[in-house]
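Remarks on the structure that follows.
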Amino acid sequence: MKPTRSQTAASMTFEQAFERMEAIVEKLESGDATLEESLQAYEEGMALAKICADRLQDAELRLRKLVKGEDGSPQLELIQ
Numbered sequence: 005m006k007p008t009r010s011q012t013a014a015s016m017t018f019e020q021a022f023e024r025m026e027a028i029v030e031k032l033e034s035g036d037a038t039l040e041e042s043l044q045a046y047e048e049g050m051a052l053a054k055i056c057a058d059r060l061q062d063a064e065l066r067l068r069k070l071v072k073g074e075d076g077s078p079q080l081e082l083i084q
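As structure tokens, this is what we get:
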């Protein structure tokens, strides 16, 4: 699902934020934007990069699973 410009960052999925970031990079690389447009796009891109990093961190935490240790007690193990 393609995000709309009015969609709040907090409601974006990783894929939506990444897709929007790619569009911003293309716009900046085209050289067609004014300085002000470029600055706004850069700011939006940095906010989206933070969203992506946060989503990745959340995903890593979810990948942790409970496993039994040698003594039978539960331990957290990161699935790699």
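Under this note's numbering, the first residue of the sequence shown carries the number 5, and numbering increases by one thereafter.
Ideal Cβ positions, reconstructed from N, Cα and C, are used throughout, including at glycine.
Just so it is clear, the structure is predicted and the values come from calculations on it, not from any experiment.
Quiz item: Cα separation between Y46 and I28?
Solution: 8 Å
Self-check item: Distance between A63 and E48 (C-alpha atoms, nearest Å)
Solution: 23 Å
Quiz item: If you drop the 5 nearest sequence neighbours on each side, which residues of the same chain put their C-beta closer than 8 Å to that of D75?
Solution: none
Quiz item: Taking buried to mean at least 16 other C-beta atoms within 10 Å of its own C-beta, is M50 buried or exposed?
Solution: exposed
Quiz prompt | Nonlocal neighbours in the same chain, by C-beta distance under 7 Å from I55, ignoring five residues either side | solution = A13, M16, A21
Quiz item: Does the beta-carbon distance from L60 to F18 come in below 9 Å?
Solution: yes
Self-check item: Classification of L39 by the beta-carbon crowding that lies within 10 angstroms, buried from 16 upward
Solution: exposed
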